[in-house]
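Q: Starting off with a structure, shown below.
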Amino acid sequence: FLNGKSLGERTLEPKKVLHVAWSVPYEPGELKVVAKKDGTVVTTDVVHTAGEPAKIELTADRSSIAADGNDLSFVTVKILDKNGNLCPNASQNMTYAIEGPGSIAGLDDGDATNHQRFQGTEHHVFHGMGLAIIRGSTTAGAIHLKVSTPGLPDAQIEITTQSKRF
């Protein structure tokens with residue numbers, strides 16, 4: 001559905017194709033997909049046209065890691081508009097700063113054509129997303145990651161390191 005108007009239905013034939021796809025004309029607003037099995041809705045997904053970048057969102061896959069010098073937390077970086085929609089055209093260079101018993105093990109953006117180093121404190125986002133890989137040291141405590149870029153408020157996240165593996 002594009003802004004509430006049906007764009008038709010397609011049937012998945014797993015022996016012939018692995019996914020269903022069709023061209024959708026661009027129109028700002030809401031795009032919704034509804035998946036059915038035997039006439040019953042099994043899932044829906046909705047995306048909205050993004051506005052201008054307004055904030056940085058940080059999400060850690062794990063907020064607590066072992067203080068063993070090897071354990072990692074993967075922090076997803078997203079550029080969002082004022083309504084929380086991902087800004088897929090965002091490509092800002094981000095600056096990463098870390099405090100506490102940890103280090104930045106690597107930075108990435110998923111863009112195979114980007115030749116920026118994985119190590120360092122700066123990296124672009126790709127289609128509005130990036131990744132910071134945080135390694136804990138052998139000391140327990142709180143790691144604070146701050147991510148910034150000109151024109152947007154800084155974002156921070158805390159990852160705790162614990163001396164015992166959990």
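According to my numbering, the sequence shown is numbered sequentially starting from 1. Ideal Cβ positions, reconstructed from N, Cα and C, are used throughout, including at glycine.
1. Exposed or buried, what is residue 73 when buried is set at 16 or more other beta-carbons lying within 10 Å of its beta-carbon?
2. Which same chain residues, not among the five before or five after residue 152, have their C-beta less than 8 Å away from its C-beta?
3. In the region 120-165, which residue ranges form an unbroken beta strand (DSSP E) of at least 3 residues, counting only runs that do not cross its ends?
4. Note down, in chain order, each residue of its chain lying with its Cβ closer than 8 Å to the Cβ of residue 7, except the 5 sequence neighbours on either side.
5. So, at 6 Å on beta carbons, what are the nonlocal neighbours of residue 180 in its own chain, with the 5 sequence-adjacent residues on each side left out?
6. Would you kindly work out how many angstroms separate the C-alpha atoms of residue 40 and residue 27, rounded to a whole number?
7. Assuming residue 32 contacts residue 51 under a Cβ cut-off of 8 Å, what Cβ separation, rounded to an integer in Å, is found between them?
8. For residue 88 versus residue 48, is the C-beta spacing smaller than 7 Å?
9. Can you tell which of 16, 101, 111, 15 has the C-alpha that lies nearest to the C-alpha of residue 159?
10. Just to confirm the assignment, what range does the beta strand (DSSP E) spanning residue 80 have?
11. Can you find the residues in the same chain that come closer than 7 Å, C-beta to C-beta, to residue 194, ignoring five residues on each side of it along the sequence?
12. With 16 as the cutoff for other CB atoms within 10 Å, does residue 168 come out buried or exposed?
13. Could you tell me whether the Cβ atoms of residue 98 and residue 161 are closer together than 7 Å?
14. Taking the alpha-carbon of residue 38 as reference, which of 29, 59, 12, 16 has the nearest alpha-carbon?
15. Can you grab the Cα-Cα spacing for the pair residue 43 / residue 34, in whole Å?
16. Measure the C-alpha to C-alpha separation of residue 116 and residue 5 and round it to an integer number of angstroms.
A: This is what the structure holds:
1. For the purposes of this step, residue 73 is taken as the residue at position 73 of the sequence shown. Flag for residue 73 reads buried.
2. As a first step, residue 152 is located in the sequence shown; it is residue number 152 there, counting from the start. Within the same chain, 53, 54, 55, 56, 79, 92 come within 8 Å of residue 152 by CB-CB distance, once the 5 residues on both sides are set aside.
3. Listed in chain order, the complete beta strand (DSSP E) runs (minimum 3 residues) inside the region 120-165 are 122-124, 129-136, 141-148, 155-162.
4. Here residue 7 is taken as the residue at index 7 of the sequence shown, counted from 1. When the five nearest sequence neighbours on each side are left out, the beta carbons in the same chain lying within less than 8 Å of the beta carbon of residue 7 are those of 1, 22, 24, in order along the chain.
5. Outside the shown range of the chain (1 to 166) lies residue 180, about which nothing can therefore be said.
6. Here residue 40 refers to the residue found at position 40 when the sequence shown is read from its first residue. Here residue 27 refers to the residue found at position 27 when the sequence shown is read from its first residue. For residue 40 and residue 27, the distance between alpha carbons rounds to 28 Å.
7. For the purposes of this step, residue 32 is identified with residue 32 of the sequence shown, where counting begins at 1. For the purposes of this step, residue 51 is identified with residue 51 of the sequence shown, where counting begins at 1. The C-beta distance from residue 32 to residue 51 rounds to 19 Å, too long to fall under 8 Å, and the pair is not in contact.
8. The count along the sequence shown starts at 1 and reaches residue 88 at position 88. The count along the sequence shown starts at 1 and reaches residue 48 at position 48. No, the Cβ-Cβ distance between residue 88 and residue 48 is not below 7 Å.
9. Taking the sequence shown and counting its residues from 1, the one referred to as residue 159 is at position 159. Per the Cα distances, 101.
10. By one-based count along the sequence shown, residue 80 stands at place 80. Start and end: 72-80.
11. Shown here, the chain extends from 1 to 166; a query on residue 194 therefore has no answer.
12. Since the first residue shown for the chain is 1 and the last is 166, residue 168 is missing from the structure and cannot be characterised.
13. Your numbering for residue 98 matches position 98 in the sequence shown. Your numbering for residue 161 matches position 161 in the sequence shown. Going by C-beta atoms, residue 98 is not nearer than 7 Å to residue 161.
14. Here residue 38 corresponds to residue number 38 of the sequence shown, with the count starting at 1. The shortest C-alpha separation from residue 38 is found at 12.
15. In the sequence shown, residue 43 corresponds to position 43, counting from 1. In the sequence shown, residue 34 corresponds to position 34, counting from 1. Residue 43 and residue 34: Cα-Cα distance of roughly 6 Å.
16. Counting from 1 along the sequence shown, the entry for residue 116 is found at position 116. Counting from 1 along the sequence shown, the entry for residue 5 is found at position 5. Each residue's CA atom was taken as its position, placing residue 116 and residue 5 some 42 Å apart.
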